[in-house]
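Have a look at the structure below before the remarks.
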Amino acid sequence: MTGSRFDTAWKHICMKRKATLSESITLNEKLIEEAVQDAAMRIEVKRQQRRDEQLVWLGAFTAIAATVVFAVFLNPTFEIPNVDPISLSDVWYWEVSSW
Amino acid sequence: MPGRNEKIDELVARAISGDAEAWSAVLKEIGPTLEGIVRARAPRELVDDWRHEVLIRVLVNIKRFRSDSPIEHWASQIAVRTCQDLHRHQLRQKRKTPENKYDNQQLEAKKTNDYIADREIVELLLDQLEPEDRDLLIMLDIEQRSVAEIASLLNRSLSWVKVRAHRVRKRLRKWADQRGLN
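Dropping the structure here:
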């Protein structure tokens with residue numbers, strides 16, 4: 001395979017890219033400054049997202065805890081009268097006892 | 100007088116605690132290494148964008164840095180991974196657009212003996228490899244890193260690097276053969 005057009009092309013690519021890499025590499029102040037600002041912004045956005053997620057979880061947890069407390073400690077019982085289930089207008093007859 | 104390593108360690112410690120001045124100083128120290136990685140991988144017209152993304156990701160993740168390896172090595176891993184992500188994104192975009200068809204037509208049309216055309220074909224073929232495979236060849240043949248260093252940067256075993264490199268070279272050569280570059 002040695003000496004094929006592919007090998008020659010690959011050698012040229014490697015040489016060309018190595019030359020690019022050996023050029024002096026310095027990052028100027030402006031680039032660094034921009035990166036620092038954008039990174040700070042991205043970190044702030046992430047922090048805000050995390051805070052929002054925490055609030056959602058806290059809300060969900062509070063709702064579940066409130067339901068459990070209500071169900072276990074207040075022990076509500078519902079008596080459903082023997083009404084025709086199809087007649088929706090009878091729904092208001094339902095009684096809620098032991099509130 | 101503290102040595103370079105102590106100075107960097109101190110800067111990194113300050114950067115981890117969120118000192119923005121230390122962030123700039125750390126980037127100045129490790130910047131050239133990261134720039135080299137980006138230049139070897141990014142298309143010429145996208146070097147600025149890729150570099151910017153790499154620098155940001157290094158800073159955003161700096162709190163996760165554990166000093167069991169040098170900061171340059173840790174940042175290089177992030178740079179390599181970021182370039183792979185960006186290349187993957189670029190490949191996806193390319194596959195969606197009809198430009199890719201144009202690339203294929205270009206590849207077919209250039210069956211001449213012109214070495215510049217050959218080089219362009221191989222460059223295009225290289226860009227069509229999966230990001231990790233492309234990185235492997237770049238690190239081995241262009242950056243001339245050792246197998247151990249590559250394995251550590253890619254989080255792979257030594258044998259994986261050797262076997263994979265062999266397969267990727269074979270695949271690239273096969274693609275080139277199919278395009279008449281034999």
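Residue numbers (our numbering), protein chains in the order written: chain A, 1 to 99; chain B, 100 to 281.
Yeah, the Cβ is synthetic: ideal placement off N, Cα and C, and Gly gets one too.
It should be emphasised that the depicted structure is a prediction, and the values quoted were computed from it without experimental measurement.
Review point. Looking at the C-beta of B:E144, does it have a partner C-beta in chain A at a distance below 7 Å?
Key: no
Review point. Of all the CB atoms in chain A, is at least one closer than 7 Å to the CB of B:I155?
Key: yes
Check your understanding: Whole-angstrom Cβ separation of B:I136 and B:A178, contact assumed at under 8 Å?
Key -> 4 Å
Review point. Buried or exposed: which applies to A:D52, given that a residue is buried once 16 or more other Cβ atoms fall within 10 Å of its Cβ?
Key: exposed
Point to revise | Pairwise C-alpha distance: B:G130 and B:E105 | key: 18 Å
Check your understanding: At a Cβ threshold of 7 Å, is B:N104 touching chain A?
Key -> no
Check your understanding: How big is the Cα-Cα spacing for B:R244 and B:A250?
Key -> 10 Å
Exercise for review: Assign B:E128 to one of three DSSP states: helix, strand, or coil.
Suggested key: helix
Review point. Can you find at least 3 beta carbon pairs, one from the stretch 152-163 of chain B and one from the stretch 35-48 of chain A, that sit closer than 8 Å?
Key: yes
Check your understanding: Can you tell which of B:D234, B:S256, B:Q176 and B:R278 has its C-alpha closest to the C-alpha of B:A141?
Key -> B:D234
Check your understanding: Which bits of chain B does A:I25 rub up against, with CB to CB less than 7 Å?
Key -> P131, E134 and G135
Check your understanding: Touching or not, the stretch 9-23 of chain A and the stretch 221-231 of chain B, by the rule of three or more beta carbon pairs under 8 Å?
Key -> yes
Exercise for review: Determine whether the Cβ of B:D234 lies closer than 7 Å to any Cβ atom of chain A.
Suggested key: no
Exercise for review: Please look up how many angstroms separate the CB atoms of B:H186 and B:P230, rounded, as I've assumed it's under 8 Å.
Suggested key: 4 Å
Practice item. Take the Cβ of A:I64 as the centre, count every other Cβ of all protein chains shown within 10 Å, and call the residue buried at 16 or more, exposed below. Key: exposed
Point to revise | Min CB distance A:F6 to chain B below 7 Å | key: yes
Practice item. Take the Cβ of A:L55 as the centre, count every other Cβ of all protein chains shown within 10 Å, and call the residue buried at 16 or more, exposed below. Key: exposed
Point to revise | Integer-rounded CB distance, given that B:S175 should sit under 8 Å from B:L239 | key: Between B:S175 and B:L239 the Cβ distance is about 15 Å, and since that is not below 8 Å, they are no contact.
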